[in-house]
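Chains A and B are the protein sequences, given in the same order. The opening position of the first sequence corresponds to residue 1 in the numbering used here, with each subsequent residue numbered one higher. The opening position of the second sequence corresponds to residue 1 in the numbering used here, with each subsequent residue numbered one higher. We put the CB at the ideal spot given by N, CA and C, even for glycine. Here is the structure we will look at, set down as structure tokens.
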Amino acid sequence: MLGALLYLRLTSLKNLLLSRLRRLKQPKYLVGAIVGAAYFYFVFFRRFGRALARPHPMPRGLALPALPSFDVLPLIATGGALLLLIIATFTWALPTARPGLAFTEAEVAFLFPAPISRRRLIHFKLLGAQVSILISALFFTLVSSGWSFLGGGALIHTLGWWIILTAVNLHLTGATLTVTRLIDGGVSTARRRTVVLGIIGLASAATVFSSWSNTPFFVPGEPEGRGPFAGLTDLCGYLARLLDAGLFHWLLLPGKWVMAPFLSVNGTAFLHALWPAALILVAHYFWVSRMEVSFEEASVATSEKRAARIARIRGGGAFSAAKPKARREPFRLPALGRPELAFLWKNLLSTYPLFHWRTWLVCAAIILVGVPWIVRHEELKGVAIGICIISAVVAAYTLLLGPQFSRQDLRSDLGNSDIIKTYPLAGWQVVLGELLTPTAILAGMLWLTLLAAGCALEPGVVQLSWFTQGVRVFAGLGLALVIPPLCLLQLLVPNAAALVFPAWFHATRQRTGGIDVMGQRIIFVFGQFLVIVLALAPAVVGAGLIIFATQWLVGLSAAVVFATLLALAVLIGEIWCGLWWLGGRFEKLDLATELRP
Amino acid sequence: MIEVSALTKRYGDFTAVRDLSFTVQPGEVLGLVGPNGAGKTSTLRSLAGIIPASSGLVRLAGHDLATDPVGAKRHLAFFPDEPRLFDYLTVRQHLAFVARIYGVAQHETISEPLLVELEIADKADQLPGELSRGMKQKLAIACGLLHGPKVMFFDEPLTGLDPLGIRRMKDSILRRAREGAAIVLSSHLLHLLQEVCSHVLILKKGEKIAHGTLTDVSAQFSNGEANVSLEEVFIRATGGSEN
Chain A
1 MLGALLYLRL TSLKNLLLSR LRRLKQPKYL VGAIVGAAYF YFVFFRRFGR
51 ALARPHPMPR GLALPALPSF DVLPLIATGG ALLLLIIATF TWALPTARPG
101 LAFTEAEVAF LFPAPISRRR LIHFKLLGAQ VSILISALFF TLVSSGWSFL
151 GGGALIHTLG WWIILTAVNL HLTGATLTVT RLIDGGVSTA RRRTVVLGII
201 GLASAATVFS SWSNTPFFVP GEPEGRGPFA GLTDLCGYLA RLLDAGLFHW
251 LLLPGKWVMA PFLSVNGTAF LHALWPAALI LVAHYFWVSR MEVSFEEASV
301 ATSEKRAARI ARIRGGGAFS AAKPKARREP FRLPALGRPE LAFLWKNLLS
351 TYPLFHWRTW LVCAAIILVG VPWIVRHEEL KGVAIGICII SAVVAAYTLL
401 LGPQFSRQDL RSDLGNSDII KTYPLAGWQV VLGELLTPTA ILAGMLWLTL
451 LAAGCALEPG VVQLSWFTQG VRVFAGLGLA LVIPPLCLLQ LLVPNAAALV
501 FPAWFHATRQ RTGGIDVMGQ RIIFVFGQFL VIVLALAPAV VGAGLIIFAT
551 QWLVGLSAAV VFATLLALAV LIGEIWCGLW WLGGRFEKLD LATELRP
Chain B
1 MIEVSALTKR YGDFTAVRDL SFTVQPGEVL GLVGPNGAGK TSTLRSLAGI
51 IPASSGLVRL AGHDLATDPV GAKRHLAFFP DEPRLFDYLT VRQHLAFVAR
101 IYGVAQHETI SEPLLVELEI ADKADQLPGE LSRGMKQKLA IACGLLHGPK
151 VMFFDEPLTG LDPLGIRRMK DSILRRAREG AAIVLSSHLL HLLQEVCSHV
201 LILKKGEKIA HGTLTDVSAQ FSNGEANVSL EEVFIRATGG SEN
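Encoded structure:
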């Protein structure tokens with residue numbers, strides 16, 4: 001029977017690899033694969049090759065350049081063990097319902113009714129996980145090849161990662177089954193959490209309490225007079241000693257055993273470190289394989305949730321697993337009026353309740369009252385400058401990354417394009433309507449940052465002769481006027497990508513990866529950045545030239561007004577062209593055909 | 001009414017629908033049948049303006065779909081086999097949205113009786129994710145009927161419905177036809193066509209094999225036999241295979 005299950009896994013893996021290779025016949029995947037491979041080569045493989053060529057005169061615990069006199073490996077081992085302990089704690093404490101082993105819907109349909117024992121199903125899960133564990137171990141080996149503090153070689157690192165990931169997988173499986181059994185046995189979530197968190201909390205408290213007096217801030221031989229927070233080296237050393245004391249030492253010990261093979265500096269050390277880690281793995285295996293728990297019902301529910309989530313993502317929906325909730329309408333939508341506003345209304349309903357005009361007003365009021373108060377106090381001048389800097393950074397991030405996160409537009413509605421296309425609307429109306437919500441959100445955020453910076457940037461705060469009240473007001477108003485079209489233009493680019501290259505866009509939305517899909521994502525991000533720079537160049541250059549040419553004649557404030565008008569005209573012209581063109585693309589779009597493999 | 005003349009839909013080198021012509025008068029229900037891959041869905045999607053036809057003429061309620069798509073779409077409703085709904089809009093919010101898109105003034109006076117007729121009035125404040133498959137289908141129908149379309153396209157309208165839902169769907173289609181709508185429906189369920197359709201059009205490999213009233217088409221393939229079922233007619237017309 002296990003042979004059949006193994007056949008299923010290996011055949012699926014083989015067919016997956018073959019289909020990935022076959023799809024390289026399509027230029028979009030081939031180009032993506034080339035870019036992805038180039039990325040891997042330049043970021044990882046080249047460095048990995050150099051690391052292999054470099055001899056390892058490894059004393060135990062190669063030092064970090066920043067910590068020349070500090071042996072970091074014990075700290076890494078302790079930190080890793082702490083991370084494993086945190087993962088384990090969450091696994092035991094978090095589940096509120098019966099957690100199920102994750103099977104796909106096909107596996108549920110074929111395997112659950114088949115004459116296969118639970119124990120074999122668990123073995124099937126464990127074996128199946130090994131495929132992704134091995135791939136992950138290889139990937140992490142590449143990533144960790146750049147960690148200069150590590151000893152050992154590629155083989156030791158790969159085996160080390162395999163041991164860590166397998167231990168985590170076995171523990172998660174065992175914990176899932178045990179929690180299911182506890183719930184079936186009537187143990188409430190609150191009781192389980194109290195016990196788990198109580199043990200961890202008591203151990204932590206006992207350790208901190210006993211270590212406070214027993215763990216010295218200074219190691220004998222080190223110069224005295226330096227506190228543990230005098231430098232990074234001292235702090236790391238102190239933390240390592242603190243976590244290695246008392247009850248915590250015993251709680252972290254299994255994790256340290258699991259980490260030890262990965263951190264071994266040579267083959268001999270690896271063999272020495274191997275047997276405690278192997279002991280942990282074997283103990284976990286026996287724990288998991290001896291569990292007799294009826295996990296099927298919970299697994300069916302888990303697989304259905306997983307399938308629904310995948311379907312939602314493929315349909316253009318959110319990655320979030322959260323279930324949508326009915327919400328109050330953001331504003332009253334009369335039956336008559338511009339149809340584009342209906343899309344704004346609809347898409348606002350799909351965002352967080354926080355994005356509401358009342359929230360913006362409250363924030364604006366706080367800024368209008370708070371920031372001038374800060375500016376009025378000379379001793380808070382630094383805070384005012386800080387507000388300016390933070391506002392500028394937030395605005396830059398919102399402008400550059402906002403369109404990637406605020407996706408309540410065509411990108412989320414592509415799955416409904418068949419129905420939307422039957423509406424009595426021109427294509428450009430649909431595109432414009434769909435873009436209004438993210439434009440409103442991003443513009444609202446940018447206006448707030450502008451308001452904060454504008455209030456903080458009093459002419460007295462910045463000592464620039466040309467920065468007068470007039471310039472401040474006109475530049476602020478000009479920027480405020482330019483912000484909505486700027487956001488709209490920014491949003492046109494990713495939406496254009498979704499409409500012009502729907503198959504690419506769709507491929508990048510899948511959770512299933514591959515080097516080719518990763519390459520496609522890189523191309524997408526680079527392409528978006530390039531198009532935005534090209535689109536903004538005429539407005540920026542034109543506005544700059546206007547200011548340069550007219551400020552001598554009409555003064556800087558008036559020049560700013562002229563520059564704003566020119567920038568607005570250029571941006572609106574570009575937006576109009578973009579909407580008209582994308583509208584045509586939307587009218588011709590046949591998603592079903594585009595996504596046909 | 002629906003007028004289709006020499007409709008052709010090509011995907012690259014592949015022709016999904018070839019030179020298709022037919023007319024559906026107000027009050028008529030045309031059943032579109034054919035084996036898998038015959039071009040039924042491509043035909044329906046071209047007629048509904050979802051995908052542009054490669055060539056040919058489609059007029060809906062007197063509006064040319066190619067030159068006046070907005071005018072034509074004001075009069076049509078398309079019901080896909082899988083209801084396409086917005087995850088974050090409740091039943092009532094769906095209707096408010098559609099009313100704004102179609103400019104249906106005082107839509108509450110239409111939507112409330114519609115919800116009662118379709119038996120989803122008690123679900124008005126629920127999201128699609130909280131509705132059963134049949135309820136979602138009803139919501140999609142309510143959205144489609146809100147603007148009083150003169151032309152309707154149904155793609156496999158009975159998919160996923162329980163027996164009661166099937167009965168109600170049939171009654172609903174017949175009622176709209178009696179009220180003067182021109183209806184095209186595509187289905188593999190020949191008994192549905194027999195009960196609901198006044199006309200039938202059989203497609204195979206994108207081409208029209210037969211078109212006319214049920215009696216005419218039955219007579220065409222009955223070879224003089226009496227009481228030949230539509231299933232037998234379909235098998236004879238299509239040669240019993242997809243190719």
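Under 7 Å from the C-beta of residue i: neighbouring residues of chain B
i	result
ALA498/A	Those do not exist, as ALA498/A stays about 17 Å from chain B at its closest Cβ, beyond 7 Å.
LYS25/A	Within 7 Å Cβ-Cβ: nothing; LYS25/A doesn't reach chain B, min ~16 Å.
LEU349/A	TYR88, LEU89 and GLN93
ASP590/A	ILE51
LEU336/A	GLY103 and ALA105
Chain A residues whose Cβ lies nearer than 7 Å to that of residue i
i	result
ILE183/B	Per Cβ cutoff of 7 Å: no residues; ILE183/B is ~15 Å from chain A at best.
GLN137/B	The contacting residues do not exist; GLN137/B stays about 13 Å from chain A at best.
ARG74/B	PRO424
Beta-carbon proximity check, residue i vs residue j, cutoff 7 Å
i	j	result
ILE367/A	ALA452/A	yes
PRO160/A	PRO261/A	The question names Pro, but residue 160/A in the sequence shown is Gly. Closer than 7 Å, so yes.
ALA114/A	ASN169/A	no
PHE270/A	ILE156/A	yes
GLY34/B	LYS40/B	yes
THR439/A	LEU488/A	yes
ALA175/A	TRP257/A	no
GLY129/B	PRO324/A	yes
LYS150/B	ALA181/B	yes
VAL58/B	VAL4/B	yes
VAL196/B	VAL29/B	yes
ALA559/A	GLN551/A	yes
ALA443/A	PRO484/A	yes
ASP81/B	THR159/B	yes
VAL98/B	LEU145/B	no
ALA53/B	LYS9/B	yes
Nearest-angstrom Cα separation, counted from residue j out to residue i
i	j	result
GLY542/A	GLY454/A	24 Å
SER198/B	PHE355/A	52 Å
ASP19/B	LEU203/B	11 Å
LEU64/A	SER145/A	At LEU64/A, the pLDDT of 40 sits below 50, so the modelled position is not reliable; the number obtained from the coordinates is stated separately. Answer to the nearest angstrom: the Cα atoms are 14 Å apart.
ILE420/A	TYR285/A	53 Å
VAL431/A	ILE135/A	41 Å
SER42/B	GLY12/B	14 Å
ILE36/B	LEU190/B	Reading off the sequence shown, one finds Asn at residue 36/B, where the question assumed Ile. Cα to Cα, the separation comes out at about 14 Å.
ALA245/A	THR207/A	6 Å
SER417/A	ARG45/B	12 Å
VAL228/B	LEU115/B	40 Å
LYS25/A	LEU410/A	29 Å
GLY134/B	ASP87/B	16 Å
LEU21/A	ALA38/A	17 Å
VAL554/A	LEU566/A	16 Å
Contact set between residue i and chain A, taken where Cβ atoms lie within less than 8 Å
i	result
GLY49/B	LYS421 and THR422
LYS40/B	Under the 8 Å cutoff, chain A gives no residues; its nearest Cβ is about 14 Å from LYS40/B.
PRO80/B	ASP418 and ILE419
8 Å contact criterion, which residue i and residue j should meet: CB distance rounded
i	j	result
MET141/B	LEU60/B	The amino acid occupying residue 141/B in the given sequence is Ile; Met does not appear at that position. Actually they do not touch by this definition, with Cβ atoms about 19 Å apart.
LEU76/B	THR166/A	Going by Cβ atoms, the distance from LEU76/B to THR166/A rounds to 59 Å, so no, they are not a contact pair.
PRO403/A	ALA240/A	The Cβ separation is near 44 Å, so there is no contact.
LYS138/B	LEU118/B	4 Å
ILE575/A	LEU448/A	That pair is no contact at about 23 Å.
SER350/A	ILE122/A	So it is not a contact: roughly 40 Å between Cβ atoms.
VAL31/A	PRO95/A	About 43 Å; that fails the 8 Å criterion.
Contact set between residue i and chain B, taken where Cβ atoms lie within less than 8 Å
i	result
ALA342/A	PHE97, ARG100 and ILE101
Closer than 9 Å at the beta carbon, the chain B residues around residue i
i	result
ASN416/A	ARG84, LEU85 and PHE86
GLU329/A	GLN93 and ALA96
Neighbouring residues, chain A, relative to residue i (Cβ below 9 Å)
i	result
ASP125/B	ALA326
Practice problem: Only counting runs of 4 or more residues, tell me where the alpha helix (DSSP H) segments fall wholly within the stretch 117-170 of chain B, in order along the chain. | Solution: 133-145
Quiz item: Taking the runs of the alpha helix (DSSP H) that are 4 residues or longer, which of them lie wholly in the stretch 368-407 of chain A?
Solution: 381-405
Self-check item: Whole beta strand (DSSP E) elements within the stretch 19-57 of chain B, 3-residue minimum
Solution: 29-33
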